[in-house]
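If you read the sequences in order, they're chains F and Y. Position 80 of the first sequence, counted from 1, bears residue number 345 in this note's numbering, the numbering being contiguous throughout. Position 271 of the second sequence, counted from 1, bears residue number 419 in this note's numbering, the numbering being contiguous throughout. We put the CB at the ideal spot given by N, CA and C, even for glycine. Each remark here refers to the structure printed beneath this line.
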Amino acid sequence: MSTLRTAKRYLEEVVRKMKGSTTRKIRTNYDLYLMLLPGLIVIVLFHYLPMYGAIIAFKDYNLMEGIIKSPWVGLKHFNALFQAREFQRVFRNTLLISIYRLIFQFPIPIVLALLINEVSHMFFKRTVQTITYLPHFLSWAIVGALVIDLLSPTKGLINIALKSLNLSPITLMDKRYFRAIVVASQTWKEAGWSAIIYLAAISSIDPQLYEAATVDGATKWHQIRHITLPGIRSTIVFIILLRISALLVTDVEQILMLYNPVVYEVGDVIGTYVYRVGLGQMRYSYTTAVGLFQSTVGFILLVIANYLSRRYAETSMW
Amino acid sequence: MIRTKGERIFEIINYIILLLVVVITLLPFLHVVAKSLSKESAVMAGEVSIWPIGLNLRTYRYVIGNYAFLRSLYVSIFVTGIGTFLHVLVTSLVAYPLSRKYLIGRSFLTFIFIFTMLFSGGLIPTYLVIKSLKLIDNIWVLILPGLVSSFNMIILRNYFSTIPDSLEESAKLDGCSNLGIFFRIIFPLSLPAIATVCIYTAVGYWNSYFNALIYINNRNLYPLSLYLRMVILDVSAQLVDLNPELTNLNPESVRSATVVAATLPILIVYPLLQKYFIKGVILGAVKE
Numbered sequence: 266m267s268t269l270r271t272a273k274r275y276l277e278e279v280v281r282k283m284k285g286s287t288t289r290k291i292r293t294n295y296d297l298y299l300m301l302l303p304g305l306i307v308i309v310l311f312h313y314l315p316m317y318g319a320i321i322a323f324k325d326y327n328l329m330e331g332i333i334k335s336p337w338v339g340l341k342h343f344n345a346l347f348q349a350r351e352f353q354r355v356f357r358n359t360l361l362i363s364i365y366r367l368i369f370q371f372p373i374p375i376v377l378a379l380l381i382n383e384v385s386h387m388f389f390k391r392t393v394q395t396i397t398y399l400p401h402f403l404s405w406a407i408v409g410a411l412v413i414d415l416l417s418p419t420k421g422l423i424n425i426a427l428k429s430l431n432l433s434p435i436t437l438m439d440k441r442y443f444r445a446i447v448v449a450s451q452t453w454k455e456a457g458w459s460a461i462i463y464l465a466a467i468s469s470i471d472p473q474l475y476e477a478a479t480v481d482g483a484t485k486w487h488q489i490r491h492i493t494l495p496g497i498r499s500t501i502v503f504i505i506l507l508r509i510s511a512l513l514v515t516d517v518e519q520i521l522m523l524y525n526p527v528v529y530e531v532g533d534v535i536g537t538y539v540y541r542v543g544l545g546q547m548r549y550s551y552t553t554a555v556g557l558f559q560s561t562v563g564f565i566l567l568v569i570a571n572y573l574s575r576r577y578a579e580t581s582m583w
Numbered sequence: 149m150i151r152t153k154g155e156r157i158f159e160i161i162n163y164i165i166l167l168l169v170v171v172i173t174l175l176p177f178l179h180v181v182a183k184s185l186s187k188e189s190a191v192m193a194g195e196v197s198i199w200p201i202g203l204n205l206r207t208y209r210y211v212i213g214n215y216a217f218l219r220s221l222y223v224s225i226f227v228t229g230i231g232t233f234l235h236v237l238v239t240s241l242v243a244y245p246l247s248r249k250y251l252i253g254r255s256f257l258t259f260i261f262i263f264t265m266l267f268s269g270g271l272i273p274t275y276l277v278i279k280s281l282k283l284i285d286n287i288w289v290l291i292l293p294g295l296v297s298s299f300n301m302i303i304l305r306n307y308f309s310t311i312p313d314s315l316e317e318s319a320k321l322d323g324c325s326n327l328g329i330f331f332r333i334i335f336p337l338s339l340p341a342i343a344t345v346c347i348y349t350a351v352g353y354w355n356s357y358f359n360a361l362i363y364i365n366n367r368n369l370y371p372l373s374l375y376l377r378m379v380i381l382d383v384s385a386q387l388v389d390l391n392p393e394l395t396n397l398n399p400e401s402v403r404s405a406t407v408v409a410a411t412l413p414i415l416i417v418y419p420l421l422q423k424y425f426i427k428g429v430i431l432g433a434v435k436e
């Protein structure tokens, strides 16, 4: 009896689903929409309201009149921005740091993954991985402190070593080294962790390819060049494109730990500039324009990168 | 397996390079630990490299017994604990409906969430909104804005959609509501993905200091990361400010000891982190 009843209910359900109009489907699943509600409130309050608030880039915002009543001024702040020498400086710094990262930091995790993959001794492999992943989990407050400690002019490890070799010290006050320090500390923190995604890609390569290659007398080098690298090609392209789409983004938490007024000329980036000038000098409308410029360029780059990635790497973000 | 001479040489070089990488990773830690434990005179003279000279625990006693340190530790634990719990709840409640193919408006709603990852109003408008919501100097400002992450939402949504539909259908036949299905069936079956997201979120809440830097002026509400930044960038001021009688402590040693003390909580939970984080990278890489 009960099976019959279940079958009947099931049939009814199927029929109802097939007949169901849009409004009915929404009504029967009203609780699914209810589940979305808390999340929607959060993104409306903290993401969409600020996007609306970004219209102050086209206004002269003042505290008394608020976002809506402040007077419109058109592109005034954008014109000011493109003429400001300070903005040109932070734009150049942001771009340069990103390009240096692309050239010097980006290849290291790939090499690291290739090397780790060749280790046959399991304990050694696990130990290397455990140790190199660790810095990723530390905050920039800690890593920044480690960098400051290492580069302390008279008491830091690096400068103690340089002194014993009779070389001049490397410090955070030195404009020549600041960007290199930024890129190097990023690399130190993230290289091990970034290698994981390549290791995952390598492990999905068909092992038979390697066996066949060995039979044919291919050396390690040949195997890496002709099997491993082509096998992780789409991952590499994907990561390069992600990097390119973030050209105008620098890790503000990192820079705020390391820089000081002496190196603003080489170390001040868009993110820190908005923070310093916007909140420090309360130039709200002007720095909103700066932020909007950064967001818009970032968004355009991302759309282009995604298109290219789908086209050439057969992966995409959406 | 037969190995050629070339392969053996390659292997040796490989081990040497990786050992070097390990050493480079560990050196900064050894240096800071050595400094934190050494005699103050040795630190001041710049003699400490990677091995402590003499032994000095006075700095640690000061750092760990310091009221400001303990208070910011408490703030961080509160923000990380409550924040992670609420984040996982809210984000998975978003992810589940968006994983149902029959949901009307699914692609539009998904877009609304993903768009927040692609475009932002910027720092200043966000600050003005938060100010008008009266959240400045309120501990919840460190929790609420981060309650939904589109990245974690995608991980969870992908995981939820791999659970067989038959489970949902049979529960529906038994008269279970969508909410009931989610909490009784889907959530318990998704614990690996949930654990990964928990850890991503907890590390994020624990490590970030920028939000607190912008929205918190009251030192009683500083999380550990921001307290650390203050100690690192402004040691002498902080010492005088908080403990006038301890000005004779060496700032360099205090900084090192604070860094070590702040790193310890991460080291303790690190084995757990590593286990689920790696799963997360792989989960995140799986496309719909």
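By the CB criterion at 8 Å, Leu464 (chain F) and Leu437 (chain F) fall outside the cutoff.
Within chain F, the residues Leu403, Ile407 have their CB atoms less than 8 Å from the CB of Thr411 (chain Y), given in chain order. One Cα belongs to Arg541 (chain F), the other to Asn162 (chain Y), and the distance between them is close to 45 Å. At a cut-off of 8 Å, the C-beta of Gly545 (chain F) has no neighbouring C-beta in chain Y. In the three-state DSSP reduction, Trp337 (chain F) falls in the strand class (E or B). Per DSSP, reduced to three states, the secondary structure at Lys187 (chain Y) is coil, with no helix or strand assignment. Note: Lys324 (chain F) is bridge-paired with F:Trp337 in the DSSP secondary-structure output. DSSP places Tyr524 (chain F) in the coil class of the three-state scheme, outside both helix and strand. DSSP places Tyr353 (chain Y) inside the alpha helix (DSSP H), whose first and last residues are 339-355. Excluding five sequence positions before and after Glu316 (chain Y), the CB atoms of its chain that fall closer than 6 Å to its own CB belong to Ile329, given in chain order. Not one beta carbon of chain Y lies nearer than 8 Å to the beta carbon of Leu512 (chain F).
Note that the C-beta distance between Tyr549 (chain F) and Ile272 (chain Y) is below 8 Å. In this structure, DSSP gives Tyr475 (chain F) a helical state, which the three-state scheme calls helix. The Cβ atoms of Ser450 (chain F) and Val517 (chain F) do not sit closer than 8 Å to each other.
Taking a Cβ-Cβ threshold of 7 Å, the residues of chain F close to Leu271 (chain Y) are Val539, Tyr540, Gly543, Gly556, in chain order.
Only buried fits Phe558 (chain F), as 16 or more other CB atoms lie within 10 angstroms of its CB. The three-state secondary structure of Ser574 (chain F), taken from DSSP, is helix. Lys249 (chain Y) carries a coil assignment under DSSP once its states are collapsed to helix, strand and coil. Within chain Y, the residues whose beta carbon sits less than 8 Å from that of Val393 (chain F) are Leu166, Val169, Val170, listed in sequence order.
With respect to the C-alpha of Phe226 (chain Y), the residue from Y:Ile311, Y:Ile334, Y:Ile287 having the closest C-alpha is Y:Ile287.
For Met522 (chain F), the closest Cβ of chain Y is nearer than 8 Å. Judged by DSSP in its simplified three-state form, Ala349 (chain F) adopts coil rather than helix or strand.
Nearest C-alpha to Tyr250 (chain Y) among F:Gln473, F:Leu297, F:Tyr572: F:Leu297. Interface annotation, Lys183 (chain Y): in contact with chain F, CB-CB separation under 8 Å. When C-beta atoms of the stretch 409-418 of chain Y are compared with those of the stretch 396-410 of chain F, three or more pairs fall below 8 Å, so the two segments count as touching. For Glu530 (chain F), no chain Y residue has a Cβ inside 7 Å of its Cβ, as the nearest lies near 20 Å away. In the three-state DSSP reduction, Val196 (chain Y) falls in the coil class, being neither helix nor strand.
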